[in-house]
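In UniProt numbering, the protein residues as written are 1 to 96.
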């Protein structure tokens, strides 16, 4: 991804806590596109699906369903201007 963020892990480790969030609580349209594309690729390569798909076989549709139900197991790394970064769980972000 560009300098504004990247993916760092599938899910937080057991007992791992993320730092308090300093960036926006909203999922940006760029992050949304990256999350959907990455998750759809994972699903198409055989990754386990976190929701009941009800006969849907299209990985992009499944990724959108996971995102809408806050079940996407990804963490986004957001880089800050001071060369630090913030890891944000996609499930905690507000999707507009």
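Ideal Cβ placement from N, Cα and C applies to all residues, glycine included.
Note that the coordinates shown come from a computational prediction; the quantities given were computed from them, not determined experimentally.
Enumerated in chain order, which unbroken segments of the alpha helix (DSSP H) with a length of 4 residues or greater are wholly contained in the segment 32-68? 59-68
For residue 56 and residue 64, the rounded distance between their alpha carbons: Taking the straight line joining both Cα atoms gives about 12 Å.
So, are the CB atoms of residue 62 and residue 40 less than 9 Å apart? yes
At what residues does the beta strand (DSSP E) containing residue 85 begin and finish? 85-89
Assuming residue 38 and residue 78 make a contact with CB atoms under 8 Å, what is their CB distance in whole Å? About 15 Å; that fails the 8 Å criterion.
In or out: residue 75 buried (at least 16 other Cβ within 10 Å) or exposed? buried
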